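Q:
2 protein chains.
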Amino acid sequence: MTRDPATAAASRQPPTMRDVAAHAGVSPMTVSRTLRDEPSVDRVLRERVLAAVEELGYRRNDWARGLRGGGATGLLGLVITNLGNPFYSQLATGVEAVAAEAGLQLLVGTSADDVARERGLVAGLVSRRVEGLVVVPAGTDQGHLAGSSLHGVPVVLATSPASGLAADAVVVDDFGGAREASRRLFLEGHRRIAFLGLSHETWTGQERRRGFTAGLAECGLEVDPELVVTTPAGDHDADTTLWRLMSAPRPPTAVFAANHRGTLAACRWVRSTGERLRIIGFDDIATAPLFAMPVSLVGYSPAELGRRAAELLLERVRGDVDDEPRRVVVATQLSHHGHVDVPA
Amino acid sequence: MTRDPATAAASRQPPTMRDVAAHAGVSPMTVSRTLRDEPSVDRVLRERVLAAVEELGYRRNDWARGLRGGGATGLLGLVITNLGNPFYSQLATGVEAVAAEAGLQLLVGTSADDVARERGLVAGLVSRRVEGLVVVPAGTDQGHLAGSSLHGVPVVLATSPASGLAADAVVVDDFGGAREASRRLFLEGHRRIAFLGLSHETWTGQERRRGFTAGLAECGLEVDPELVVTTPAGDHDADTTLWRLMSAPRPPTAVFAANHRGTLAACRWVRSTGERLRIIGFDDIATAPLFAMPVSLVGYSPAELGRRAAELLLERVRGDVDDEPRRVVVATQLSHHGHVDVPA
Numbered sequence: 001m002t003r004d005p006a007t008a009a010a011s012r013q014p015p016t017m018r019d020v021a022a023h024a025g026v027s028p029m030t031v032s033r034t035l036r037d038e039p040s041v042d043r044v045l046r047e048r049v050l051a052a053v054e055e056l057g058y059r060r061n062d063w064a065r066g067l068r069g070g071g072a073t074g075l076l077g078l079v080i081t082n083l084g085n086p087f088y089s090q091l092a093t094g095v096e097a098v099a100a101e102a103g104l105q106l107l108v109g110t111s112a113d114d115v116a117r118e119r120g121l122v123a124g125l126v127s128r129r130v131e132g133l134v135v136v137p138a139g140t141d142q143g144h145l146a147g148s149s150l151h152g153v154p155v156v157l158a159t160s161p162a163s164g165l166a167a168d169a170v171v172v173d174d175f176g177g178a179r180e181a182s183r184r185l186f187l188e189g190h191r192r193i194a195f196l197g198l199s200h201e202t203w204t205g206q207e208r209r210r211g212f213t214a215g216l217a218e219c220g221l222e223v224d225p226e227l228v229v230t231t232p233a234g235d236h237d238a239d240t241t242l243w244r245l246m247s248a249p250r251p252p253t254a255v256f257a258a259n260h261r262g263t264l265a266a267c268r269w270v271r272s273t274g275e276r277l278r279i280i281g282f283d284d285i286a287t288a289p290l291f292a293m294p295v296s297l298v299g300y301s302p303a304e305l306g307r308r309a310a311e312l313l314l315e316r317v318r319g320d321v322d323d324e325p326r327r328v329v330v331a332t333q334l335s336h337h338g339h340v341d342v343p344a
Numbered sequence: 001m002t003r004d005p006a007t008a009a010a011s012r013q014p015p016t017m018r019d020v021a022a023h024a025g026v027s028p029m030t031v032s033r034t035l036r037d038e039p040s041v042d043r044v045l046r047e048r049v050l051a052a053v054e055e056l057g058y059r060r061n062d063w064a065r066g067l068r069g070g071g072a073t074g075l076l077g078l079v080i081t082n083l084g085n086p087f088y089s090q091l092a093t094g095v096e097a098v099a100a101e102a103g104l105q106l107l108v109g110t111s112a113d114d115v116a117r118e119r120g121l122v123a124g125l126v127s128r129r130v131e132g133l134v135v136v137p138a139g140t141d142q143g144h145l146a147g148s149s150l151h152g153v154p155v156v157l158a159t160s161p162a163s164g165l166a167a168d169a170v171v172v173d174d175f176g177g178a179r180e181a182s183r184r185l186f187l188e189g190h191r192r193i194a195f196l197g198l199s200h201e202t203w204t205g206q207e208r209r210r211g212f213t214a215g216l217a218e219c220g221l222e223v224d225p226e227l228v229v230t231t232p233a234g235d236h237d238a239d240t241t242l243w244r245l246m247s248a249p250r251p252p253t254a255v256f257a258a259n260h261r262g263t264l265a266a267c268r269w270v271r272s273t274g275e276r277l278r279i280i281g282f283d284d285i286a287t288a289p290l291f292a293m294p295v296s297l298v299g300y301s302p303a304e305l306g307r308r309a310a311e312l313l314l315e316r317v318r319g320d321v322d323d324e325p326r327r328v329v330v331a332t333q334l335s336h337h338g339h340v341d342v343p344a
């Protein structure tokens, strides 16, 4: 909601960027761009903005101050699925770094991949009047995060785009990273390539599977449904899946694992059998250079994911952007550990 | 401070466990033990407690209700040194599990091993009226956590005991785990055994070094000061330390690393040289079974550390214990990965 500038002046509250935008008849984004001296701003709009800034006595520092004043709690909420998973704890580190820089304190809750728990956590954080929320969603639908349930608290999703609501999201290039991996395996000469999927269907899991299939399709190879399996939670169950897959009449010569759980299960199979199996996995593993078997990994920075999400959120909290939901995609890199045959 | 039971009755507040204790002339701990039906309570004291419970109309459920009522914020504060380090994120998971069970929300901040930042975070959390604090201290003195600075907010330290204040603490058996490791290396026949220490002196680092030295002293071996080094942060600098150590005229045949940073540096040295070096390290490494080289690890459960710390804290918040500071020690286990020669 935009306050009337005259009302703002009367109540002696410092004018906000939204007041400037309303006064100049432009979007808050245009005000922001003008104040950052971005060359993309139309000259006429630019002059209208600067005139409004002068008339209202707007000062840029008021943004940050506005965050803390007027009943602001100085709290940001973060809901992740599991703090014990290094990806989410590194993501939390990125969110916390940006929050700390802005003088905000982080309220953290974990949903344990349970949508009902996520709902309860979000409601609890909103009732504590957090100024914004970063959510790593547990399920595939986030309708319960829609504006009305949040009483206007802005939300940014991390790792998965918004489904069932209009919200900013920061995601990994899951499709592109998986596509690169499967193409790579084809180019190395593999034709029996297995896909080790996530045990519960998430947007991330779907994208990685789509990317895997698309990469092979570009090479003219169709995916054999017998080679598509999911890796259950728990080392023992994951190992059983690998043994079953590798004991089939026509076992794969290579696997692409959609997350580190599958990668580690494949590595354990190699370790205990001494057999050859080419492995590429999604997600970095810090100790992979010390592994007894070669492995390639599709990596990205979870901390960057968290930083970007917190940055988008702070822009929302400051009312510094249009309503249009934004999506930021974090790139992946394929790295090789141990001696991997390079395709000719 | 113990409220007078008569005053409590007059003000119509439900009596607390402390009121019962004062009325019966026993410690709150004795009240707690009696209500839990623990057999260790003296029969006479037990009857006095039960009489006081009846006279005051004390009900056990009031504890939990007391947590949420009377201006209680329902917030617990957690200050850790680094959320990106898997040990601290697992510790946080343990704290969060206990907090969530009690209906409390966790406020998390990271000090980046900086005492000044820790001070600021603690002051910020106290000003947000957290009901209690779990702190993984950054430095060796915690005088700034003394009661007066915290306005009575109870604090429990994790990983290191309180120094400069009287507070509960949950620590790992750093001394015992290191002592077991160095004795083991001696019994395997090693006489040139290096110690890879932490780069900054913490209580944990001191205890692990004391345990290492004590274990060897019991075997009649004195530590050669040339074999005692510290492992700097950053893989490159840690690797340089290892190369220097191993290039000495009389290099060690075994190393004990006081944390996973030193363990990984030693493993990288073995990986890149192909030389033999017996390695035992403090701290579990989940992927160690996949390593190309044998390694033994002194492990413990960081999540248990967090759970125990949160449990002690909730007892303090509920006024359910004596003032005497308590210390809980979490045990370690030595595990072996890869083929390690067993001493005869």
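As given, the protein sequences belong to chains G and X, one line each in that order.
So for the first sequence, the UniProt record's numbering puts the first residue at 1; every next one is plus one.
So for the second sequence, the UniProt record's numbering puts the first residue at 1; every next one is plus one.
Every residue, glycine too, gets a C-beta built ideally from N, C-alpha and C.
Source: prediction; values computed, not measured.
Need the endpoints of the beta strand (DSSP E) that H144 (chain X) sits in, please.
A: It is not in any beta strand (DSSP E) - H144 (chain X) carries neither H nor E in the DSSP assignment.
Q: Going by beta-carbon coordinates alone, are I280 (chain X) and L185 (chain X) separated by less than 8 angstroms?
A: Contact flag set, yes.
Q: Taking CB distances under 8 angstroms as the criterion, tell me whether V31 (chain X) reaches chain G.
A: It does not; no Cβ of chain G falls within 8 angstroms.
Q: What are the start and end residues of each continuous alpha helix (DSSP H) run of 4 or more residues lying completely inside the segment 78 to 129 of chain X, in chain order?
A: Qualifying alpha helix (DSSP H) stretches, in chain order: 86 to 101, 115 to 127.
Q: May I ask which residues mark the beginning and end of the alpha helix (DSSP H) holding L185 (chain X)?
A: Looking at the DSSP string, the run of the alpha helix (DSSP H) that includes L185 (chain X) is 174 to 187.
Q: So, using beta-carbon positions, are V153 (chain X) and V136 (chain X) closer together than 8 angstroms?
A: No, they are not a contact pair.
Q: Rounding to the nearest angstrom, what Cα-Cα distance links V295 (chain X) and V298 (chain G) in this structure?
A: So the alpha carbons of these two residues sit roughly 27 angstroms apart.
Q: Between which two residues does the alpha helix (DSSP H) carrying T263 (chain G) extend?
A: Looking at the DSSP string, the run of the alpha helix (DSSP H) that includes T263 (chain G) is 260 to 273.
Q: Alpha carbons only, please: which of G:N259, G:L312, G:D320, G:A292 is nearest the one belonging to G338 (chain X)?
A: When only C-alpha atoms are compared, the closest one is G:A292.
Q: Would S301 (chain G) and S89 (chain X) qualify as a contact pair, given that the criterion is a beta-carbon distance under 8 angstroms?
A: Not closer than 8 angstroms, so no.
Q: For V270 (chain X) versus E304 (chain X), is the C-beta spacing smaller than 8 angstroms?
A: No.
Q: Run through the DSSP bridge pairs and tell me what V135 (chain G) is partnered with.
A: Partner(s): G:V79, G:L157.
Q: Closer than 8 angstroms, CB to CB, is P294 (chain X) near chain G or not?
A: Not one chain G Cβ lies under 8 angstroms of P294 (chain X).
Q: Counting C-beta neighbours from all protein chains within 10 Å, is the total for H260 (chain G) 16 or more, i.e. buried, or is it exposed?
A: It counts as buried.
Q: Residue 390 (chain X): buried (16+ other C-beta within 10 angstroms of its C-beta) or exposed?
A: A query on residue 390 (chain X) cannot be resolved here, the shown segment of chain X reaching from 1 to 344 and no further.
Q: Considering only residues of the same chain and omitting the five flanking positions on each side of V340 (chain G), which have a CB-CB separation below 7 angstroms?
A: Correct list, in chain order: P294, S296.
Q: Taking 8 angstroms as the threshold, find out whether the segment 91 to 100 of chain G comes into contact with the segment 78 to 94 of chain X through three or more Cβ pairs.
A: Taking 8 angstroms as the limit for Cβ pairs, the verdict is that the segment 78 to 94 of chain X does touch the segment 91 to 100 of chain G.
Q: Taking the beta carbon of A233 (chain X) as the centre, do at least 16 other beta carbons fall within 10 Å, making it buried, or is it exposed?
A: Burial call: exposed.
Q: Comparing C-alpha positions only, which one of X:E222, X:Q105, X:F256 sits nearest to G177 (chain X)?
A: Looking at the Cα atoms, X:F256 is the closest of the given residues.
Q: Taking Cβ positions only, does H337 (chain G) come closer than 8 angstroms to chain X?
A: Cβ-Cβ to chain X under 8 angstroms: no for H337 (chain G).
Q: The alpha helix (DSSP H) that contains V229 (chain X), what's its start and end?
A: No alpha helix (DSSP H) holds V229 (chain X); the beta strand (DSSP E) holding it covers 228 to 231.
Q: Quick check on DSSP: helix, strand or coil for S32 (chain X)?
A: Helix at S32 (chain X).
Q: To the nearest angstrom, how far is it from the Cα of A265 (chain G) to the Cα of W243 (chain G)?
A: Looking at the two C-alpha atoms, the distance is approximately 10 angstroms.
Q: Which of the three DSSP states, helix, strand or coil, is assigned to L221 (chain X)?
A: If DSSP states are grouped into helix, strand and coil, L221 (chain X) belongs with coil.
Q: So T93 (chain G) contacts chain X; which residues on that side make the cut at Cβ distance below 8 angstroms?
A: Those within 8 angstroms of T93 (chain G) in chain X are N82, L83, G84, T110.
Q: Can you tell me the Cβ-Cβ gap for A166 (chain X) and V155 (chain X), rounded? I've got them flagged as a contact below 8 angstroms.
A: That pair is no contact at about 10 angstroms.
Q: Can you give the Cα-Cα distance for G77 (chain X) and L133 (chain G), rounded to whole angstroms?
A: Going from the Cα of G77 (chain X) to the Cα of L133 (chain G) covers about 19 angstroms.
Q: Does the separation of the CB atoms of V126 (chain G) and H151 (chain G) fall below 8 angstroms?
A: Going by C-beta atoms, V126 (chain G) is nearer than 8 angstroms to H151 (chain G).
Q: Any beta-carbon of chain G closer than 8 angstroms to the one on R268 (chain X)?
A: R268 (chain X) counts as touching chain G.
Q: How would you write the range of the alpha helix (DSSP H) that L198 (chain X) sits in, first residue to last?
A: Counting along the chain, L198 (chain X) falls outside any alpha helix (DSSP H), though it belongs to the beta strand (DSSP E) covering 193 to 198.
Q: When the distance is taken between beta carbons, is A258 (chain G) closer than 8 angstroms to F195 (chain G)?
A: Cβ atoms of F195 (chain G) and A258 (chain G): closer than 8 angstroms.
Q: What residues from chain X crowd round G274 (chain G), counting only those whose CB sits closer than 8 angstroms?
A: Within 8 angstroms Cβ-Cβ: nothing; G274 (chain G) doesn't reach chain X, min ~13 angstroms.
Q: Under 8 angstroms between C-beta atoms, does G299 (chain X) make it to chain G?
A: Chain G, which has no Cβ nearer than 8 angstroms to the Cβ of G299 (chain X), makes this no.
Q: Return the bridge partner residues of Q333 (chain G) from the DSSP annotation.
A: According to DSSP, Q333 (chain G) bridges with G:G299.
Q: Suppose the cutoff is 6 angstroms on Cβ atoms and the five residues either side in sequence are ignored; what does the same chain contact list for R65 (chain X) look like?
A: Legend: pLDDT at R65 (chain X) = 35, less than 50; position of this residue unreliable, value from coordinates given subsequently. Correct list: empty, nothing qualifies.
Q: By Cβ distance below 6 angstroms, which residues in the same chain neighbour R117 (chain G) in space, the five residues on each side in sequence not counted?
A: Hits under 6 angstroms: S111.
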